[in-house]
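Chemist: In the working numbering, the protein residues as written are 11 to 262.
Cβ atoms here follow ideal geometry from the backbone N, Cα and C, with glycine treated the same way.
All values derive from a computational prediction rather than experimental measurement.
Before anything else, here's the structure in question.
Structure (structure tokens):
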């Protein structure tokens with residue numbers, strides 16, 4: 011069985027929320043952003059994430075709800091079932107693993123036909139063995155879609171295509187949705203103080219004027235059905251994503 015350490019519906023879990031035991035811990039160094047140097051006098055450019063993420067990654071199924079870029083969460087996994095998957099990510103794919111939502115009720119029962127097509131590539135920051143389970147600390151990096159299944163049985167392996175966020179150009183509709191989403195979150199804070207803590211942690215890592223991360227954060231904050239959240243994850247077009255998130259956040 012695989013489950014988050016803390017149940018949702020409170021939204022994304024920051025690194026600070028993970029009460030990680032340091033005993034028998036295997037710390038996995040987080041790779042820094044790569045830079046390439048241009049001609050003398052020119053500023054270095056960050057290499058796009060799609061240029062450095064591996065083409066083939068192990069896949070870990072999720073059953074409760076999808077995982078979004080920008081989130082950080084500790085997962086508990088059964089080492090007998092998913093240990094080889096975690097090991098493959100550490101040894102073969104630069105600590106990168108793909109999380110895909112499965113339609114089945116149990117991750118152990120999922121087959122490749124149960125998986126949704128679009129998921130989130132994650133960086134493994136830490137693996138800790140605790141009480142007979144593996145505690146895996148993950149950070150969401152970016153969306154991906156499955157191009158081909160290389161291994162159709164656990165440990166699942168897939169050839170993937172990444173979907174990095176396009177450079178944001180100010181669009182009046184997107185800006186309007188962003189303002190509306192932020193205002194709705196502020197209205198929810200008195201009803202549930204936990205929203206305020208989540209929003210504070212979001213602001214520590216991202217700018218509220220970043221509509222892509224704002225949309226993903228707001229979607230993860232909701233108690234919406236997993237199918238509705240998956241629709242947000244699959245919305246590669248930013249305006250479409252903002253529209254869907256606006257509907258979900260207003261249901262809260």
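1. What are the start and end residues of the beta strand (DSSP E) that includes residue 155?
2. Which same chain residues end up closer than 8 Å to residue 51 when comparing Cβ atoms and leaving out the 5 residues on each side of it in sequence?
3. Spell out the partners DSSP gives residue 106 in its beta bridges.
4. Hey, residue 212 and residue 199: beta-carbon distance below 8 Å or not?
5. Pick from 148, 167, 150 and 163: whose alpha carbon is nearest that of residue 157?
6. Among 217, 214 and 107, whose alpha-carbon lies nearest the alpha-carbon of residue 130?
7. In three-state terms, what does DSSP make of residue 209?
8. Starting from the C-beta of residue 260, find all residues in its chain whose C-beta is less than 8 Å away, skip the five residues before and the five after it, and write them out in chain order.
9. Give the secondary structure of residue 215 by DSSP, where H, G and I count as helix, E and B as strand, and everything else as coil.
10. DSSP on residue 101, reduced to helix/strand/coil?
Modeler: The relevant details are as follows:
1. Position 145 of the chain shown holds residue 155. Note, residue 155: beta strand (DSSP E), 143-161.
2. Here the question's residue 51 lines up with position 41 in the chain shown. Per-residue confidence for residue 51 stands at a pLDDT of 35, beneath the threshold of 50, marking its modelled position as unreliable; the derived number appears in the next sentence. No residues qualify anywhere along the chain.
3. Locating residue 106 in the chain shown gives position 96, counting from the first residue. According to DSSP, residue pairing for residue 106 in a beta bridge involves 133.
4. Here residue 212 is taken as the residue at index 202 of the chain shown, counted from 1. Here residue 199 is taken as the residue at index 189 of the chain shown, counted from 1. No. Outside cutoff.
5. Looking up residue 157 in the chain shown gives position 147. That would be 167, whose Cα lies nearest to the Cα of residue 157.
6. Translated into positions along the chain shown, residue 130 becomes position 120. Taking only the C-alpha atoms, the option nearest residue 130 is 107.
7. As a first step, residue 209 is located in the chain shown; it is residue number 199 there, counting from the start. Residue 209 falls in the helix class under three-state DSSP.
8. Taking the chain shown and counting its residues from 1, one reaches residue 260 at position 250. Result list for residue 260: 194, in chain order.
9. As a position in the chain shown, residue 215 is number 205, starting the count at 1. Reduced to three states, the DSSP call for residue 215 is helix.
10. The residue labelled residue 101 in the question sits at position 91 within the chain shown. Looking at residue 101 - three-state DSSP - the assignment turns out to be helix.
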